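**Q** The structure's right below; bear with me while I get my questions together.
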Amino acid sequence: MSVATTRRTQVAIIGGGPAGLLLSHLLYLRGIDSIVVERRDPEYLYQRVRAGVLDSSVVDLLVATGLGERMLAEGMLQEQMEYRFEGQIRFINWREQVGRQTMVYGQQEVVRDVLDARLRDGGKIVFDAQATEIGGLDRDEPVVRFLHDGDLHEIHADFVAACDGFHGIGRPSIPTELRLEYERVYPFQWLGILAEARPGREWLVTGAHQRGYAMHSMRSPTISRNYLQVPLTDTVDDWTDERIWAELHIRLEDEGDLVAEGPILNRSMFTLRNFVCEPMQYGRLFLAGDAAHIVPPTGGRGLNQAIADVATLADAMASHFDRSDDHDLEDYSRICLERVWKAQLFTASQTNLLQVLRPGDAYARRIQV
Ligand code: APR
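FYI, the numbering for the sequence shown is 10 to 378, going by my numbering.
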C-alpha cells in the first residue's frame with residue numbers, strides 16, 4: 010500500500026486517552042510540537058467511563074497547566090476511605106496521616122478538559138486513525154504508520170510516545186528479547202455500575218465481605234459508582250438491577266443509609282490484572298500509562314500513574330529540545346518504574362486483603378480478618 014501523506018513532528022503520540030492527550034498538552038506548553046493518532050472518535054473518548062480519583066499531585070499539575078477550572082468547581086475532595094469488614098467499620102484518613110486529600114473527578118471529565126484545551130489551542134489530533142506500525146527505531150529515525158479513511162499515512166518524528174493502552178502496538182514494538190513482562194491476572198472479575206443515585210457518604214466505602222468484594226463510591230453528588238466482585242463465568246446479563254442492589258446492600262453491611270438505588274446508566278465487566286513491562290523505553294520510543302503497566306482499580310492508581318508518567322516524559326523531552334540534555338530521557342524508565350512498583354505493591358496488597366481469592370477457604374479468610 011502506498012503512503013498517502015507524510016508529516017513531520019517532534020513527538021508522535023499514539024493514543025488519545027488521558028496519557029496521550031495530556032502529554033500533547035504538556036509538550037505544547039513547552040513549545041514542543043506533537044501529533045496524536047487516536048483510533049476512536051471524540052464522542053467515544055468523552056463517554057468512556059473509567060477511573061475517577063485524582064491524587065493531590067495530579068490535581069496540582071492540572072491546575073498549574075490550566076486544566077483545573079471545572080475540576081475545582083465540580084470535583085469532590087476526599088480525605089478518607091471507609092472499610093467494612095465482618096461487622097466492623099474502620100477508616101483510613103490520609104489527610105490526618107499524610108496531610109493530603111484526593112479529588113473525585115471522573116476520568117472522562119479529565120479527558121474532556123484536556124481534549125477541549127487541545128482543540129482550542131490548535132492541537133494536532135487525528136481521530137479514527139489506527140496506528141499499525143512503528144518503524145525506524147533501530148536507526149533512531151522513528152516513523153509511525155497509521156490507517157485513516159482507508160489510506161496509509163506516515164509521521165516522522167524525533168520521538169514516539171506510545172500512550173496506546175494495554176492492547177496497543179507500542180509495547181510489542183520493543184524487541185521481545187529486550188523486554189521483561191510481569192503479570193498477575195486474578196481469578197474473578199468486577200461488575201462496575203454507574204447509577205443516578207445519591208452517594209451515601211462523601212467518601213469511598215469498601216466492603217470485604219465473604220460473598221465477595223464490593224465498593225460504593227461516586228462520580229458526583231448525584232451519581233454513584235459501585236463495584237462487585239463476580240465469578241469469571243458471569244456476564245452482564247446474569248446481573249439484574251434487583252440482584253445488583255441486593256448484593257451491594259449485603260456486602261457493604263448497609264443498614265439502610267448507605268447505598269441509594271436509582272437508574273443504572275452504565276454497566277460493564279472487567280478483569281483485574283497487575284502488569285509491568287520493563288523497560289518503558291527502547292531507543293526513541295517511550296511507553297506511558299496503561300501501555301506499560303496496569304493495576305486493578307482497587308486503589309485509584311491507574312490514571313494517576315499514567316499522568317505521572319507523561320509529566321516525567323514531558324519534562325525529559327523539554328530537557329532534550331531546550332538544552333540538548335538527554336540524561337532525563339535516558340533515566341525515564343528507571344524514574345517511572347520506581348514509582349510504578351510502589352503502586353503495584355499497594356494495589357496487589359489491597360487486592361489480597363479485600364477480595365475473596367479462594368471462595369470457601371476459611372483459613373485465607375481468617376488471615377484477611
Ligand atoms: N492506534 C491509535 N490509537 C490507539 C491504538 C492504535 N493502534 N491502540 C490503542 N489506541 C488508543 C485507544 O483507543 C485509547 O483511546 O489509545 C488510547 C489508550 O487510552 P487508555 O487505554 O485510556 O490508556 P491511558 O491513556 O494510558 O490511560 C490510563 O488508567 O485508570 C486507568 O485504565 C484506566 O484508561 C485509564 C488508564
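Glycine included, C-beta positions come from ideal geometry on N, C-alpha and C. A quick note: this is a predicted structure, and the numbers were derived from the prediction, not measured.
Looking only at DSSP bridge pairs, what is I259 linked to?
**A** In the sequence shown, counting from the first residue as 1, residue 259 sits at position 250. Note: I259 sits in no beta bridge, so no partner.
**Q** Taking 7 Å as the line, does the beta carbon of G145 fall inside it for any heavy atom of the ligand APR?
**A** Within the sequence shown, the letter at position 136 stands for residue 145. False, no ligand heavy atom lies under 7 Å from that Cβ.
**Q** In chain order, what residues of the same chain have a beta carbon less than 7 Å from the beta carbon of V349, not counting five sequence neighbours either side?
**A** As a position in the sequence shown, residue 349 is number 340, starting the count at 1. So the list reads V285, H302 and Q314, once near-sequence residues are dropped.
**Q** Locate the beta strand (DSSP E) running through S233, then write down its first and last residues.
**A** Position 224 of the sequence shown holds residue 233. Taken as a continuous stretch (DSSP letters only), the beta strand (DSSP E) holding S233 covers I232 to V239.
**Q** Which word fits H225, buried or exposed, when buried means at least 16 other C-beta atoms lie within 10 angstroms of its C-beta?
**A** Counting from 1 along the sequence shown, the entry for residue 225 is found at position 216. The residue in question, H225, is buried, as its Cβ has 16 or more Cβ neighbours within 10 Å.
**Q** Grouping DSSP H, G and I as helix and E and B as strand, with all else coil, what is P306?
**A** Locating residue 306 in the sequence shown gives position 297, where the first residue counts as 1. Looking at P306 - three-state DSSP - the assignment turns out to be coil, as it is neither helix nor strand.
**Q** Do L70 and L124 come within 8 Å of each other at the CB atom, strictly closer than that value?
**A** Numbered from 1 along the sequence shown, position 115 holds the residue referred to as residue 124. Numbered from 1 along the sequence shown, position 61 holds the residue referred to as residue 70. Cβ distance not < 8 Å, so L124 and L70 don't count as in contact.
**Q** What are the complete alpha helix (DSSP H) segments, minimum 4 residues, inside the segment 14-57?
**A** Taking only runs of at least 4 residues, the alpha helix (DSSP H) segments lying wholly in the segment 14-57 are 27-38 and 51-56.
**Q** With DSSP as the reference, label F355 as helix, strand or coil.
**A** The residue labelled residue 355 in the question sits at position 346 within the sequence shown. Helix, per DSSP.
**Q** Cβ of G40 within 7 Å of any heavy atom in the ligand APR?
**A** In the sequence shown, counting from the first residue as 1, residue 40 sits at position 31. Not so, every heavy atom of the ligand APR lies at least 7 Å from the Cβ.
**Q** Between which residues of its own chain and G201 is the CB-CB distance below 6 Å, once the five residues before and five after are set aside?
**A** Working through the sequence shown from its first residue, we reach residue 201 at position 192. For G201, where only same-chain residues beyond five positions count, the Cβ hits under 6 Å are Y236 and S277.
**Q** Given the structure, does G159 come close to the ligand APR, in the sense that its CB is under 7 Å from one of the ligand's heavy atoms?
**A** Numbered from 1 along the sequence shown, position 150 holds the residue referred to as residue 159. No.
**Q** In terms of alpha-carbon separation, which member of R375, G144 and F279 lies closest to A21?
**A** Numbered from 1 along the sequence shown, position 12 holds the residue referred to as residue 21. Nearest of R375, G144 and F279 to A21, Cα basis: G144.
**Q** What number of angstroms, rounded off, separates the C-alpha of L31 from the C-alpha of I316?
**A** Position 22 of the sequence shown, counting from 1, holds the residue named residue 31. Position 307 of the sequence shown, counting from 1, holds the residue named residue 316. About 7 Å.
**Q** Looking at V119: is its Cβ nearer than 8 Å to the Cβ of V46?
**A** In the sequence shown, the residue the question calls residue 119 occupies position 110. In the sequence shown, the residue the question calls residue 46 occupies position 37. No.
**Q** Could you tell me whether the Cβ atoms of A206 and G216 are closer together than 8 Å?
**A** The count along the sequence shown starts at 1 and reaches residue 206 at position 197. The count along the sequence shown starts at 1 and reaches residue 216 at position 207. Against a cut-off of 8 Å, the Cβ pair of G216 and A206 comes out as no contact.
**Q** Secondary structure at L187, three-state DSSP: helix, strand or coil?
**A** One-based indexing of the sequence shown puts residue 187 at position 178. Here L187 sits in helix by DSSP.
**Q** Look at the alpha carbon of E105 and the alpha carbon of I232, and state the distance between them as a whole number of angstroms.
**A** Here residue 105 is taken as the residue at index 96 of the sequence shown, counted from 1. Here residue 232 is taken as the residue at index 223 of the sequence shown, counted from 1. About 27 Å.
**Q** What did DSSP end up calling R220 once you bin it into helix, strand or coil?
**A** Taking the sequence shown and counting its residues from 1, the one referred to as residue 220 is at position 211. Note: R220 maps to coil in three-state DSSP.
**Q** For the 8 Å Cβ check, are there 3 or more pairs between the segment 262-274 and the segment 322-330?
**A** Output reads no: the segment 322-330 does not touch the segment 262-274.
**Q** Tell me whether the beta-carbon of E192 lies closer than 8 Å to the beta-carbon of N283.
**A** Here residue 192 refers to the residue found at position 183 when the sequence shown is read from its first residue. Here residue 283 refers to the residue found at position 274 when the sequence shown is read from its first residue. Yes, these two residues count as a Cβ contact at 8 Å.
**Q** Would you say F155 and A138 are within 8 Å of each other, going by their C-beta atoms?
**A** The residue labelled residue 155 in the question sits at position 146 within the sequence shown. The residue labelled residue 138 in the question sits at position 129 within the sequence shown. Yes, they are a contact pair.
**Q** Return the bridge partner residues of A170 from the DSSP annotation.
**A** Against the sequence shown, residue 170 aligns to sequence position 161. Partner(s): I22 and F295.
**Q** At what residues does the beta strand (DSSP E) containing Q106 begin and finish?
**A** Position 97 of the sequence shown, counted from the first residue, corresponds to residue 106. It is not in any beta strand (DSSP E) - Q106 instead sits in the alpha helix (DSSP H) that spans W103 to V107.
**Q** In its own chain, which residues sit with a C-beta less than 8 Å from the C-beta of D243, not counting the 5 before and 5 after it?
**A** Residue numbering aside, residue 243 sits at position 234 when the sequence shown is read from its first letter. Q198, L200 and M278, listed in sequence order.
**Q** I'd like to check one pair, I178 with A140: are the Cβ atoms closer than 8 Å?
**A** As a working mapping, residue 140 is identified with position 131 in the sequence shown. As a working mapping, residue 178 is identified with position 169 in the sequence shown. Cβ distance < 8 Å, so A140 and I178 count as in contact.
**Q** Quick one: is Q56 buried, meaning 16 or more other Cβ sit within 10 Å of its Cβ, or exposed?
**A** Taking the first residue of the sequence shown as position 1, residue 56 is located at position 47. By the neighbour-count rule (16 or more Cβ atoms within 10 Å), Q56 is not buried but exposed.
**Q** From P305 to L281, what distance separates their C-alpha atoms?
**A** Counting from one through the sequence shown, the residue named residue 305 turns up at place 296. Counting from one through the sequence shown, the residue named residue 281 turns up at place 272. Distance between the alpha carbons of P305 and L281 is about 5 Å.
**Q** Determine the direct distance from the alpha carbon of G311 to that of T356, and round the result to whole angstroms.
**A** Mapped onto the sequence shown, residue 356 falls at position 347. Mapped onto the sequence shown, residue 311 falls at position 302. One C-alpha to the other measures close to 10 Å.
**Q** Give me the Cα-Cα distance between V135 and A126, rounded to the nearest whole angstrom.
**A** Counted from its first residue, the sequence shown places residue 135 at position 126. Counted from its first residue, the sequence shown places residue 126 at position 117. Each residue's Cα considered, the two are about 15 Å apart.
**Q** Helix or strand or just coil, what does DSSP make of H176?
**A** Taking the sequence shown and counting its residues from 1, the one referred to as residue 176 is at position 167. H176: coil per DSSP, three-state reduction.
**Q** Kindly examine the ligand APR and report whether one of its heavy atoms sits closer than 7 Å to the Cβ of L346.
**A** Stepping through the sequence shown from its first residue, residue 346 is reached at position 337. L346: no, Cβ never under 7 Å from the ligand APR.
**Q** Can you tell me whether T141 is helix, strand or coil according to DSSP?
**A** Here residue 141 refers to the residue found at position 132 of the sequence shown. Strand.
**Q** Rounded to the nearest angstrom, how far is the Cβ of E287 from that of L366, given a contact under 8 Å?
**A** Taking the sequence shown and counting its residues from 1, one reaches residue 287 at position 278. Taking the sequence shown and counting its residues from 1, one reaches residue 366 at position 357. Not confirmed; about 26 Å, so no contact.
**Q** In angstroms, rounded to a whole number, what distance separates the CA positions of D299 and G309?
**A** On the sequence shown, residue 299 is found 290 positions in, with the first residue counted as 1. On the sequence shown, residue 309 is found 300 positions in, with the first residue counted as 1. Between D299 and G309, the C-alpha separation is close to 13 Å.
**Q** Compare the beta carbon distance of M112 and E211 with 8 Å and say whether it is the shorter of the two.
**A** Locating residue 112 in the sequence shown gives position 103, where the first residue counts as 1. Locating residue 211 in the sequence shown gives position 202, where the first residue counts as 1. Result no, Cβ atoms of M112 and E211 do not sit closer than 8 Å.
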